[in-house]
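J.:
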Amino acid sequence: MSQSDDLHAGWDLGARLTAAVLGGYAVSSAWVVLCGAMSQSRVETMVGGMQSSWLWYVAVVIGAFSPVSPRRIWGVLLVLILAMLAATAALIFLKAR
Amino acid sequence: MQPAKKQSGAGKGSFRQAQAWLHTWCGLWFSWLLYAVFLTGTLAVFEEPITHWMTPEHHAHERAEARQAGTVPQAQASLSQRLQWGMAYMERQHPGADMWELWPADSKGGGDLRVYWFDREGQYAAAQLDPKSGSVMDASEAPKVRQTLGGHHFVDFHYQLHAGQLGLWIVGIAALAMLVALVSGVITHRRIFKDFFTFRARKGQRSWLDMHNAVAVLTLPFQFMIAYTGIAISCSTFMPAGIAAYFGSSAEALKSFQVALNEPGKPQRSGQAMSVPDLESFVLRGQALIGQPVRAVVIDYPGDAAARIGVYGWNDADDLSKRLSPTSGMAMFSAATAELQQLRLPGGVDGGAAALTQSVIGGLHMATYGGLLLKWLYFICGLAGSAMMATGAILFMVKRRAKHQGEFGASTSMVYRMIEAANVAAIAGLGIACVGFLWANRLLPVELALRSRWELAVFFALWMLALMHALLRSPSMAWRDQMAALAVLCLLLPVLSFVTTGDHLAAYLRDGDWESAGVEIFSLAVGVAAAAAWAWMRRAENLKSVRKQKPAETSQNLAVAVDPGAVRKESLS
Amino acid sequence: MTLWQSSLQALALSIGGMTALAFAMDRHYAQLRPLDEVPAAHRTALRVLGAMLLLAVCLPAMRGWSATVGSVLVLGFWSLGALATVVGLWVSARYLVLAATVAVLAVVASCFW
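Protein chains in written order, with our numbering: chain A, 9 to 105; chain B, 58 to 630; chain C, 70 to 182.
Laid out in structure tokens, this is it:
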């Protein structure tokens, strides 16, 4: 009985760690790419994005270890990343016009 | 019997409880590495004084030079002459280079004459010219100084653990963990305002927690700033997604990104040949525009018609005192038309707001602003931050010595044992390694080949020895032994220095050599503190063994045994 | 006004401010007088005084250096003042009151000389 509990706890911790470390990096990177799309010259806003991406990273790590199920955490992360990438595409498309 | 449902674990309990779990484990696993990075960073604030103390041959040379400068009026080669010699050397030796850089003089118009360029592999190369004749100076003409990393050892260890890119990444990850620990710590600390000034001594675990809270909360702005700027300085290395997306992932791509950020107006080569004009008029105009004496003259594309001449200035102490961004003034001229292309006043940047922010971030982290006072402020806050990590790691084990929490099931006791050993080696052992590095500087023969490598080897060897000692001895004995060793090494450092070099503290103070005096006085202060800690530990241990002989008075809470005050109170009640 | 003087003024004001805020708290006021709670009038007065002294740190900091550098230094002086206050409360609450008062008076006096 307690063995399956341990296994469950292991999966839980693993999922949260992955969300924190890899998910956090993914969200931060998507943010940098989105920031780059915000200006024609790319460089200025992109560097601003690189400087502010760490706020996202810390927020994701804190969130990944909050009392919410790992499933929900991963769901939120994926929505965030997709939203940022979609916004990037939209900005590039609109600016190119 | 069914064990009670675990309220502590990843994401268990309330938000505060979950963050407490995160703070404990994220903090603990990174505490040893972070403490090392923080302590060496704190020492790195005084990199130059440490290097000065570690190169005693320099003192004699500097004193001799000062005496010479006072007696015989030096016939200084003029700025114009120095520029001509520099140009002549570059035209002769490196006519095809992409960039020439001349550093003609110090802020007073004297001093060294140095030239730099990018060699065939695109690496930065340098040569030093004799300011009296313009000919190349041989390295052997330089004063014989013992080969040492000096204070730069602490800088290098601090940001990349002497391990290049891999070390940089490890430190970066640790810095992110520190930010997480800070945020989760603030979230967890329920009575952060009520407990703001609270420190209760002689209460065992409670005292350790109070001290951990005090050093952390009271210097919180500094801790957040230093951790964040530490990561942000290298953000283009750590977050390459944007560069990869918009510029590409090759080395060329990275270079074009850096040019776009820092040199936004840089033209391409024109292909037409044109010799570099005489520099003096450009330098004089540049100096007037930026209001600073010339530090460096950079020529992009020398020999081409599109060449640019950039005149950079020397920041004086006042400039650095008043500005967060450490950049100096710069005036950029077209070589062909002599028109002013770009003017940057001291503190400004060549790029836009993001580049300025990056410069301020660098200035904030490396304490380039504010002068000597600021270095001391950073030093004190740095020691507080190191204490924050050390007390956290110690508190972790003090808690679990009193009450085993079985987080790792059957192997918990062994894990605790490892953590105890890591605590001693990381906290006391690192201190021994740092002062041992200074001992090596005085003891290793001056003529030893690869001497700076050997000094570094002593640093790491002492640290390893400390770890092995901590694994072999019991935790309390390991702490006492290493505190004693630290005290002895620190207190005897000035004696060692006197025996090996003849310099001593009284002479430093008499000559006004505050840098060397500071190093030795700080060593003595650490020695006294370590000795006091050793005496306190010994007293606590003796009391514990006395109480063991009287079982009736033995308390369940072993942590209380650490403080004699509580014993007295108990026996009175 | 040398940097030394500016630093000492800033530090003195910071210690004064932090000490005042500390004694506006029940548990530290109790170190001075055996009362369970700080009297309401004292609490308000100490808090206002503390806040004013802490804000006053901006004056020597920004005058001695510059607006940007000074605003960063203010945070550093606040931290140092708080650390000193904690040590003072630990050693002796009464001596801390004396030291903080003398320090602030010295700063006020230095403004007129």
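Quick reminder that beta carbons are idealized off the backbone N, C-alpha and C, glycines included.
In three-state DSSP terms, what is Arg50(A)?
T.: In the structure shown, Arg50(A) sits in coil (DSSP, three-state: anything other than H, G, I, E or B).
J.: Measuring CA to CA, which of Asp375(B), Val340(B), Ala393(B) is closest to Tyr369(B)?
T.: The shortest C-alpha separation from Tyr369(B) is found at Val340(B).
J.: For Gln217(B), which residues in chain A fall below 7 Å Cβ to Cβ?
T.: Correct list: empty, because the minimum Cβ distance to chain A is about 19 Å.
J.: Can you find a C-beta in chain B that's less than 8 Å from the C-beta of Trp182(C)?
T.: No, its Cβ sits nowhere closer than 8 Å to a Cβ of chain B.
J.: Determine the contact status of Ala271(B) and Phe250(B), defining contact as a CB-CB distance below 8 Å.
T.: No, the Cβ-Cβ distance between Ala271(B) and Phe250(B) is not below 8 Å.
J.: From the DSSP output, which residues share a beta bridge with Glu158(B)?
T.: DSSP lists Tyr173(B), Val355(B) as partners of Glu158(B).
J.: Suppose you measure from the CA of Leu615(B) to the CA of Gln78(C); what does that come to, to the nearest Å?
T.: With a pLDDT of 48 at Leu615(B), under the threshold of 50, the predicted position of this residue should be treated as unreliable, and no value is reported.
J.: Report the rounded CA-to-CA distance for Leu236(B) versus Ala284(B), giving the unit in angstroms.
T.: Leu236(B) and Ala284(B): Cα-Cα distance of roughly 6 Å.
J.: Interface residues of chain A around Gly66(B) at Cβ under 9 Å?
T.: By Cβ distance, chain A contributes Ala17, Asp20, Leu21.
J.: Quick check: what's the CA-CA separation for Met54(A) versus Arg474(B)?
T.: Going by the C-alpha atoms only, they are around 47 Å apart.
J.: Give the single residue among Arg326(B), Ser573(B), Lys605(B), Val417(B) whose Cα lies nearest to the Cα of His116(B).
T.: Ranking Arg326(B), Ser573(B), Lys605(B), Val417(B) by Cα distance to His116(B) puts Ser573(B) first.
J.: The beta strand (DSSP E) that contains Val368(B), what's its start and end?
T.: Run containing Val368(B): 365-370, per the beta strand (DSSP E) assignment.
J.: With a threshold of 8 Å between beta-carbons, can Arg380(B) be considered close to chain C, or not?
T.: Yes, Arg380(B) lies at the interface with chain C (some Cβ there is under 8 Å from its Cβ).
J.: What residues from the stretch 34-61 of chain A come within 8 Å of chain B, judged by C-beta to C-beta, listed N to C?
T.: So the close ones are Ser36, Ser37, Ala38, Val40, Val41, Cys43, Gly44, Ser49, Arg50, Val51, Glu52, Thr53, Met54, Val55, Gly56, Gly57, Met58, Gln59, Ser61.
J.: Please decide whether Ser12(A) counts as near chain B, where near means a Cβ-Cβ distance under 8 Å.
T.: False, the Cβ-Cβ gap to chain B never drops below 8 Å.
J.: May I ask you to report which of helix, strand or coil DSSP gives Ser71(B)?
T.: Ser71(B) falls in the coil class under three-state DSSP.
J.: Report the rounded CA-to-CA distance for Gln344(B) versus Trp591(B), giving the unit in angstroms.
T.: Roughly 58 Å separates the two Cα atoms.
J.: Return yes when the Cβ of Leu550(B) is within less than 8 Å of the Cβ of Glu577(B), no when it is not.
T.: Their beta carbons are under 8 Å apart, which means Glu577(B) touches Leu550(B) by this criterion.
J.: Within 10 angstroms of its Cβ, does Asn480(B) collect 16 or more other Cβ (buried), or is it exposed?
T.: Buried is the call here.
J.: Mapping DSSP to helix, strand and coil, what is Arg401(B)?
T.: Strand at Arg401(B).
J.: Please state the DSSP three-state secondary structure of Tyr146(B).
T.: Correct three-state label for Tyr146(B): helix.
J.: Check whether the Cβ atoms of Arg380(B) and Val138(C) sit closer than 8 Å, and answer yes or no.
T.: It is a contact, given that the beta carbons lie within the stated cut-off.
J.: Run the proximity test for Tyr426(B): is its beta-carbon closer than 7 Å to any non-hydrogen atom belonging to the ligand ZN?
T.: Summarising the ligand content, the structure contains no ligands, and the ligand ZN is consequently not present.
J.: Taking the beta carbon of Arg458(B) as the centre, do at least 16 other beta carbons fall within 10 Å, making it buried, or is it exposed?
T.: So Arg458(B) counts as buried.
J.: On the criterion of 16 or more Cβ atoms from any shown chain inside 10 Å, does Leu266(B) qualify as buried, or is it exposed?
T.: It counts as buried.
J.: Here's the rule: buried if 16 or more other CB atoms are within 10 angstroms of the residue's CB, otherwise exposed. What is Val503(B)?
T.: The residue is exposed, with fewer than 16 neighbouring Cβ atoms inside 10 Å.
J.: Just to confirm the assignment, what range does the alpha helix (DSSP H) spanning Ala153(C) have?
T.: That run of the alpha helix (DSSP H) goes 136-160.
J.: With distances taken between CB atoms, is the gap from Ile244(B) to Arg73(B) smaller than 8 Å?
T.: It is a contact, given that the beta carbons lie within the stated cut-off.
J.: Among the candidates Leu165(C), Cys180(C), Leu158(C), whose CA atom is the shortest distance from the CA of Ala258(B)?
T.: It is Leu158(C).
J.: Please go through the same chain and pick out, in chain order, the residues whose beta-carbon is closer than 8 Å to the beta-carbon of Asn599(B), but skip the five residues on each side of it.
T.: So no residue of the chain qualifies.
J.: Taking 8 Å as the threshold (beta carbon to beta carbon), is Gly70(B) in contact with chain C?
T.: No, Gly70(B) lies away from the interface with chain C (no Cβ there is under 8 Å from its Cβ).
J.: Are the C-beta of Ala75(B) and some C-beta of chain A separated by less than 8 Å?
T.: Yes, Ala75(B) counts as interfacial toward chain A.
J.: Any Cβ of chain C within less than 8 Å of the Cβ of Met403(B)?
T.: In the sequence as presented, Met is not what sits at residue 403(B); that position holds Pro. False, the Cβ-Cβ gap to chain C never drops below 8 Å.
J.: For a contact meaning CB atoms closer than 8 Å, what does Ser293(B) contact in chain A?
T.: Per Cβ cutoff of 8 Å: Val55, Met58.
J.: Examine chain A for any beta-carbon lying closer than 8 Å to the beta-carbon of Thr469(B), and answer yes or no.
T.: Cβ-Cβ to chain A under 8 Å: no for Thr469(B).
J.: Report back the beta-carbon spacing between Asn372(B) and Ser385(B) to the nearest angstrom; my notes put them in contact at under 8 Å.
T.: Correct: roughly 5 Å between the Cβ atoms.
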